[in-house]
Amino acid sequence: MSLRPPRLTSRADTTGMAYDALQQEMLQESASALGRLGRALEAALAAIEACDAGRGTDADRKRLVRQAGTALWHLVVQREACGLRSSAQLYRDYRVPQDVINAMGMGPPADRR
């Protein structure tokens, strides 16, 4: 007795498989975007820490806070699109300063307009 893999017998089967493949690809892209945006926020927060360590002026810090606020906003929006509604844990995990939270969603920094 030989075993054969199941064959697709109808067009509906191929449509369902194509849909499943598309869904899988979309989930992978969502996860990838979350990772990229998380790394961008980490980099922005590190730049603020470097500025606070004495390597920048007050104007530099304000610009960096706005950039970090924009990065945080992008990450929060992507998380919400993925169904992750609460941001409180995100703020704790990334140790986001309150001034960055306050700057979230204010728009792009002045030097990018």
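With the first letter of the sequence shown counted as 1, position 27 gets the number 27 in the UniProt record's numbering; the numbers rise by one all the way through.
Beta carbons: idealized from backbone N, C-alpha and C, even for Gly.
6 Å Cβ shell around Q98 - same chain, five flanking residues per side excluded: none
Sub-8 Å separation of L22 and Q78 beta-carbons: no
Residues in its own chain within less than 7 Å of R113 by CB, not counting five upstream and five downstream? With a pLDDT of only 49 at R113, under the threshold of 50, the placement of this residue in the model should not be trusted, and no figure is reported.
With a 10 Å radius around its C-beta and 16 neighbouring C-beta atoms as the bar for buried, classify residue 116 as buried or exposed. Nothing can be reported for residue 116, as the shown portion of the chain is limited to 1 through 113.
Between M104 and the rest of its own chain, which residues show a CB-CB distance below 6 Å, the 5 nearest in sequence each way excluded? G69, L72, W73
Counting beta carbon pairs with one atom in the stretch 44 to 52 and one in the stretch 82 to 93, are three or more of them shorter than 8 Å? no
By the three-class DSSP mapping on this structure, what secondary structure does L84 have? coil
Residue span of the alpha helix (DSSP H) that contains V100, given as start and end: 98 to 103
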